[in-house]
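A.B. asks:
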Amino acid sequence: MNLPLINIPFTLFALLLLAIALTASHRVAQNYLRRTNKPDVDAIDALLPQTQCGQCGHPGCRPYAEAIANGSEINKCPPGGARTIDALAQLLRVQPLPLDPSHGVEATRKVAVIREAECIGCTKCIAACPVDAILGSAKHMHTVIARECTGCDLCVEPCPVDCIDMVEAQTLAQSWHWQRPEASRHIGEAHKIIVCQGALR
Amino acid sequence: MTAESSRKIWPLPGGVYVEANKAPSLRAPVTSPPLPHQLVIALTQPASISPILCAAEGDYVLKGQVLAHGSSDAGINIHASTSGTIIRITPHAVPNTSGEHELCVILQPDREERWTRMAPVENFTECSSELLYARIKDAGIRGLGGAAFPTHAKLVGATNIHTLVLNISECEPFISCDEALVHKYLNEVITGTQILLHASGATRCLIGIEDSKPAAIRALRAALSDPRIELVVVPALYPSGAERQLIYSLTGVEITADTLPVEKGFLCHNPGTALAVMRAVIHGEPMISRVTTVTGAALAAPANYEVLFGTPINELLQLCGVDNENLSRLIIGGSLMGTQITSAEVPVLASTNCILATTHEELPAPLPEQPCIRCGFCVPACPVLLQPQVLYWDSRQLALTDATSHHLADCIECGACAYVCPSHIPLVQYFRAAKAEIRIEAEQVHIADSSRQRFEFHQARVHAEKVQQELRRAERAALMKPAPEQPLEVNSAQATIAAALARVKAKKLEQALSASNNTKTDEGETKR
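Respectively, the protein sequence lines represent chains A and B. Numbering of the first sequence is given in my numbering, commencing with residue 1 and proceeding in unit increments. Numbering of the second sequence is given in my numbering, commencing with residue 1 and proceeding in unit increments.
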């Protein structure tokens, strides 16, 4: 068997060269794509909870979306919590990270409530509200439109008489919903009503 | 006169055969129970509507007087079921799935049954449909099939109705209230159907009834003389009585979850609703009662009763001779779609079609859930041609996008899949939970979108205000300056100083600019 083309050292060398060439071109392509395919700010912004609270260190959700598009970490949004981080990770094709505790902890949604008797009508909270959810005018009592409040906390600090409380968003009868079977089994007493489907067996 | 056998029946895909268990409650005709000691009248309104009270605690109210109406047009008028005094208005337990309390009026009957009626209509064929709709709304009529959807809301916007479907199919085990009602109020139901035909402008009415009710079929056949009304007998199969399923069986028209039957020209009503419409129009009586089945092995005398809304369920159970020793579970609705309640201290609502008091032997407790063995029994059972086993995996893993693309929204939650599941998986509960998750996610997206809109508007407004302020300031500054158009005697020394200062300033500015440019290029280089 004397086939000059099937030369083992030569073949190995050729394969090695091919591997190096492919790896290099892959790197180049990756770098090129990384530079040109900047993630869409609108798509990122759509996944953020729009509380406009600034806990991420950016003045609103859109600026944070821009920062993420420029390579900022995705785990700086406490109101969004794990759900938002997972969604962002899926969009950007990166590993989901646990929430960065330096920006706050995940908590249930709250709404601002003005103790109306104590309000002096200074309009400072109205100016602070990023989503125009506070109604009122100078020297008249102010009130929060609970439905539109994002619970961002930004009105609490400017209030000179400290009459704004953050309370848990109320759960009404109509917000009740079905739980998955395991969950209802764990909660036990809280869900007294059980479906009797499949009972006629 | 009524063509009946000629009509083609479209067989339901899927479905399950279940033992009807209706005979015990059908032995006696419908009667009215004695007036209870107290009535608990729930002021429940459709979602996102709140009740507005028209009466106060301590008021004396007449039978048929309005107690509350809805906060918007889609709301329901709630009437006093009998005359008496309002003791309290308070949240009270009601037989709903959530177990949440609802605002209720607690009424002490005076046992005099003093009525206040609306003006009776002599000849409904001379009335416009608007007038009839208004009467139906005033009478607080809700659909009595189980969902208690306001009837006028179903009619509003329904412009091109061609077929009225009267649903006497009643496919769920144990429930026999519609059949009993048809036996007792046959002519009234037919009159109500004619009113609905006239009001909706439909040209024909199809009465869908299961072949397991031969006595009712015979009675209907004998009583029907209107050529527009056609009796159609469908095979007994669960869930043939579901609205969309019945329409399919009768006409072959499939209606998906994203369209309403009304949009396709179908109006589907329960015979109880037809009776209530007849009473509201002909007698001027609002809806204050319904026929309810009280049945189950724990009762000595199961029966159908014409019950006033607000009658406590425990009084009905007592009337039927409940055996508290053997009572295992109390269920509102049938054995497949019903919900279990923990207390009998709840009132009868418009949605209470059946009260089922069962024993362990009759309805054993659901067995523990076991892993899915991929037997595929649930697939042929599904009446909407879904793949329940796939939806089960989606719901279990909360893969909501997958669940949506597998048409979870089309699931009618009939429980046929769970009924045949050999692993006792509570499939419907998984589906309901997944549907709730999808709804919550959509709501959150909606909230975020509106917050974003308001934030952007706020930003734009603040920016515009700032620009305005700057402009005003500039204008004011321009006005304040004496505007030296013709420089008067300028000191030459002063002029040279000013020129020098300006040069220095320009130089500094230039330096600053070049410095910032340098840093920028530096940054660019480091980045590269």
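Using N, Cα and C, we set each Cβ at its ideal position, and we do this for glycine too. Computed from a prediction, not measured in an experiment: that's the story for all the values here.
#1: Pick out whichever of A89/A, A128/A, V144/A, H140/A has its Cα sitting closest to the Cα of I134/A.
#2: Use the C-beta contact count for Q453/B: other C-beta atoms within 10 angstroms, 16 or more gives buried, fewer gives exposed.
#3: Taking only beta-carbon atoms, is G60/A less than 9 Å away from chain B?
#4: How about H79/B and V40/B: are their beta carbons less than 9 Å apart?
#5: At the 9 Å Cβ level, is P39/A part of the contact set with chain B, yes or no?
#6: Quick check on I447/B - is its C-beta less than 9 Å from some C-beta in chain A?
#7: Along chain B, which residues have their Cβ under 8 Å away from the Cβ of E148/A?
#8: So which residues on chain B does V111/A lean against when the C-beta distance must stay under 8 Å?
#9: Since A65/A is in the alpha helix (DSSP H), which residue starts that stretch and which ends it?
#10: Between which two residues does the beta strand (DSSP E) containing Q340/B stretch?
#11: Quick one: what's got a C-beta closer than 7 Å to G145/B's C-beta in the same chain, skipping five residues either side?
#12: Which residue's Cα is closest to the Cα of P235/B: I229/B, P227/B, L246/B, L181/B?
#13: Measuring alpha carbon to alpha carbon, tell me which residue in K184/B, V61/B, T193/B is nearest R114/B.
#14: Taking just the CA atoms, how far does K481/B sit from A499/B?
#15: Under the rule that 16 or more other beta-carbon atoms within 10 Å means buried, what is K22/B, buried or exposed?
#16: Applying the criterion that 16 or more other CB atoms from any shown protein chain within 10 Å of the CB defines a buried residue, is H360/B buried or exposed?
#17: The alpha helix (DSSP H) with Q389/B in it runs from where to where?
#18: What does H177/A reach in chain B if we use C-beta pairs closer than 9 Å?
#19: Flag this pair as yes or no: are the beta carbons of L12/B and P366/B separated by less than 9 Å?
#20: Quick one: does A173/A have its CB under 9 Å from some CB of chain B?
#21: Pull up the CB-CB distance for A274/B and G192/B, whole angstroms please, since I reckon it's below 8 Å.
#22: Mind reading off the beta-carbon distance from I195/B to V277/B? Whole number of angstroms is fine, and I expect it under 8 Å.
#23: If you check the beta carbons only, do P29/B and K184/B fall under 9 Å apart?
#24: For the putative contact between D178/B and G272/B, defined by C-beta atoms under 8 Å, what is the C-beta separation to the nearest angstrom?
#25: Evaluate contact between the stretch 46-57 of chain A and the stretch 76-91 of chain A, counting only Cβ atoms and requiring at least three cross-stretch pairs below 8 Å.
#26: Please report the distance separating the alpha-carbon of A207/A from that of C61/A.
#27: Please go through the stretch 208-262 of chain B and give each complete beta strand (DSSP E) segment of 3 or more residues, from N-terminal end onward.
#28: Say whether the stretch 323-337 of chain B touches the stretch 48-60 of chain B, bearing in mind that this needs 3 or more beta-carbon pairs closer than 8 Å, one atom from each stretch.
#29: What are the boundary residues of the alpha helix (DSSP H) that includes V445/B?
#30: Output yes or no for whether 9 Å exceeds the beta carbon distance between V390/B and Y238/B.
#31: How far does the beta strand (DSSP E) with H269/B in it reach, from first residue to last?
#32: Just to confirm the assignment: which complete beta strand (DSSP E) runs, minimum length 3, are found wholly within the stretch 127-182 of chain B?
#33: Secondary structure at I87/B, three-state DSSP: helix, strand or coil?
#34: Is there contact between the stretch 149-169 of chain B and the stretch 242-256 of chain B, where contact requires at least three CB pairs shorter than 8 Å?
#35: With a cut-off of 8 Å, do at least 3 Cβ pairs link the stretch 121-134 of chain B to the stretch 96-106 of chain B?
#36: Using 8 Å for Cβ pairs, my map puts R117/B next to E285/B. What's the rounded Cβ distance?
C.D. replies: Reading it off the structure:
#1: V144/A
#2: exposed
#3: yes
#4: no
#5: No, no contact with chain B.
#6: yes
#7: S450, S451, R454
#8: In chain order: nothing, as chain B lies at least about 12 Å away.
#9: 61-69
#10: 339-341
#11: N167, N270
#12: L246/B
#13: V61/B
#14: 20 Å
#15: buried
#16: exposed
#17: 388-396
#18: S98, R432, A433, K435, A436, E437, R439, I440
#19: no
#20: For A173/A, the pLDDT reaches just 42, beneath the cut-off of 50, and the residue's location in the model is therefore unreliable, leaving the point undetermined.
#21: 3 Å
#22: 5 Å
#23: yes
#24: The beta carbons of D178/B and G272/B sit about 7 Å from each other, so the pair counts as a contact at 8 Å.
#25: yes
#26: Nothing can be reported for residue 207/A: it is not among the residues displayed for chain A, which extend from 1 to 201.
#27: 229-234
#28: no
#29: 427-480
#30: no
#31: 266-269
#32: 163-168
#33: strand
#34: yes
#35: As far as the Cβ criterion goes, the stretch 121-134 of chain B does not touch the stretch 96-106 of chain B, which means the pair count is below three.
#36: Indeed, because the Cβ distance is near 6 Å, the residues count as touching under 8 Å.
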